[in-house]
Amino acid sequence: MKHVCKITVRTYECDMNNHVNNANYLNYLEYARHEYLKAVGFDYKTSISMGYGLFVTRIEIDYKKPAVLDDDLVIESEAVKKGAASGAMLQTIKNGQDTVALAKVFWAFVDSNGKPCRIPAELDVDGLKPSV
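Mapping of the sequence shown onto numbering that gives the first Met the number 0: position 44 corresponds to residue 43, and the numbering continues sequentially without gaps.
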């Protein structure tokens, strides 16, 4: 499943060159992942109340073109890898037809001690798995 969400670049996200500061892309990607998880039925609040978490372990970002103030960005998110306790997601930030950034986000499911663990059946939704 490919999930799409939108965000408009705000003034405080831009640097002195009117480009989105590279650190703000992490916020855009986080917002889009959270929306993706909601869309695929992963209940983050229940996960936390059960003593589990879904942690980002690594992010690789390739910046392709700058985004600037008032750009309407589209963030596409999709699962590309899934194991018993970890996986990866591909996220693409676009401005119209132009790719602004590509990110591969690696995650691990952890217990209350922050140790990787298997995802319990009631939280292991299909949307965490690649659709291909």
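In this text, a Cβ means the ideal position worked out from N, Cα and C, and glycines have one as well. Everything numeric in this text was worked out from a predicted model, so none of it was measured.
Residues sharing a beta bridge with Asp71, DSSP: Within the sequence shown, residue 71 is the residue found at index 72, counting from 1. Paired residue(s): Thr7.
Anticipated Cβ contact below 8 Å, Asp70 with Val124, distance rounded: In the sequence shown, the residue the question calls residue 70 occupies position 71. In the sequence shown, the residue the question calls residue 124 occupies position 125. The Cβ separation is near 32 Å, so there is no contact.
Environment of Phe41 [buried if 16+ CB atoms lie within 10 Å]: What you label residue 41 is simply residue 42 of the sequence shown in a count that begins at 1. By the neighbour-count rule (16 or more Cβ atoms within 10 Å), Phe41 is buried.
Residue environment, Ala83, which counts as buried when at least 16 other CB atoms sit within 10 Å: Along the sequence shown, read from residue 1 onward, the residue named residue 83 stands at position 84. Looking at its Cβ environment, which holds fewer than 16 other Cβ atoms inside 10 Å, Ala83 is exposed.
Inter-residue Cα distance where the pair is Ile60 and Ala100: Residue 60 sits at position 61 when you count from the first residue of the sequence shown. Residue 100 sits at position 101 when you count from the first residue of the sequence shown. Rounded to whole angstroms, the separation of the alpha carbons of Ala100 and Ile60 is 7 Å.
C-alpha distance - Arg117 paired with Gly86, whole-angstrom precision: Numbered from 1 along the sequence shown, position 118 holds the residue referred to as residue 117. Numbered from 1 along the sequence shown, position 87 holds the residue referred to as residue 86. Straight-line spacing of the CA atoms in Arg117 and Gly86 works out to 11 Å.
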